[in-house]
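See structure below.
Residue numbers (the working numbering): 21 to 192.
Quick look at the structure:
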């Protein structure tokens, strides 16, 4: 579902594919953390994983969108992805840290009846930590490998077909 929505948004099949490389990172981080802390993969941890997939996809979208904007301005593919990763590093880190710190009380089982939600907090903390650290390296690498060489500016502001016909008739 995420891939289809992103394909429509980016009008490309390549950019969403690059973004979707964040999802296995999140899943691996969540499952490894659950295994390490001997927690179960239950309904609460699955809810955390769904939230996690949304967050890490957003991180990938931020990097790829900025790189596409930089390429549209005329930068080389490698310069565009490097400057995009540097520019979006702090916002990605801030949102990830705030989410991780927000999940700490869930993972520590503070409060009545919170023992059942420990797996959710553990999956969020481990998966987001793992995915955030690796996303900052994997997405630029995959973008450099998969992305097309040059990105043209979208049609916003271009002449419509009627305006082009009017311009052609004036010149002839």
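Beta carbons: idealized from backbone N, C-alpha and C, even for Gly.
{"Query": "Hey, would you say residue 148 sits closer than 8 Å to residue 116, going by beta carbons?", "Result": "yes"}
{"Query": "Starting from the C-beta of residue 103, find all residues in its chain whose C-beta is less than 6 Å away, skip the five residues before and the five after it, and write them out in chain order.", "Result": "90"}
{"Query": "In the DSSP assignment, find the alpha helix (DSSP H) that holds residue 80 and state where it starts and stops.", "Result": "63–92"}
{"Query": "Comparing C-alpha positions only, which one of 75, 74, 99, 76 sits nearest to residue 86?", "Result": "99"}
{"Query": "Thinking residue 151 and residue 42 are a contact (beta carbons under 8 Å), I'd like their distance in whole angstroms, please.", "Result": "6 Å"}
{"Query": "By how many angstroms is the C-alpha of residue 31 removed from the C-alpha of residue 143?", "Result": "33 Å"}
{"Query": "So, with DSSP's three-state summary, where would you put residue 107?", "Result": "helix"}
{"Query": "For residue 145 and residue 158, which I take to be in contact (beta-carbon distance under 8 Å), what is that distance rounded to the nearest angstrom?", "Result": "The pair is not a contact, with the Cβ atoms about 20 Å apart (cut-off 8 Å)."}
{"Query": "Check whether chain B comes within 8 Å of residue 107, counting only Cβ atoms and requiring the distance to be less than that.", "Result": "Within the model displayed, chain B is absent; a lone protein chain is all it includes."}
{"Query": "Give me the Cα-Cα distance between residue 155 and residue 131, rounded to the nearest whole angstrom.", "Result": "33 Å"}
{"Query": "Measuring straight from C-alpha to C-alpha, what distance separates residue 78 and residue 161?", "Result": "17 Å"}
{"Query": "Candidates 122, 96, 105: which alpha carbon is nearest residue 84's?", "Result": "105"}
{"Query": "Just the C-alpha distance for residue 51 and residue 44, rounded to the nearest angstrom, thanks.", "Result": "10 Å"}
{"Query": "Which same chain residues, not among the five before or five after residue 64, have their C-beta less than 7 Å away from its C-beta?", "Result": "136, 137, 139, 140"}
{"Query": "Note down, in chain order, each residue of its chain lying with its Cβ closer than 7 Å to the Cβ of residue 27, except the 5 sequence neighbours on either side.", "Result": "33, 36"}
{"Query": "Let me know the secondary structure DSSP gives residue 128 once reduced to three states.", "Result": "coil"}
{"Query": "When you compare only the Cα positions, how much space is there between residue 82 and residue 165?", "Result": "18 Å"}
{"Query": "Please name the residue, chosen from 69, 75, 88, that lies closest to residue 15 on a Cα-to-Cα basis.", "Result": "As shown, the chain starts at 21 and ends at 192. That puts residue 15 outside it, with no answer to give."}
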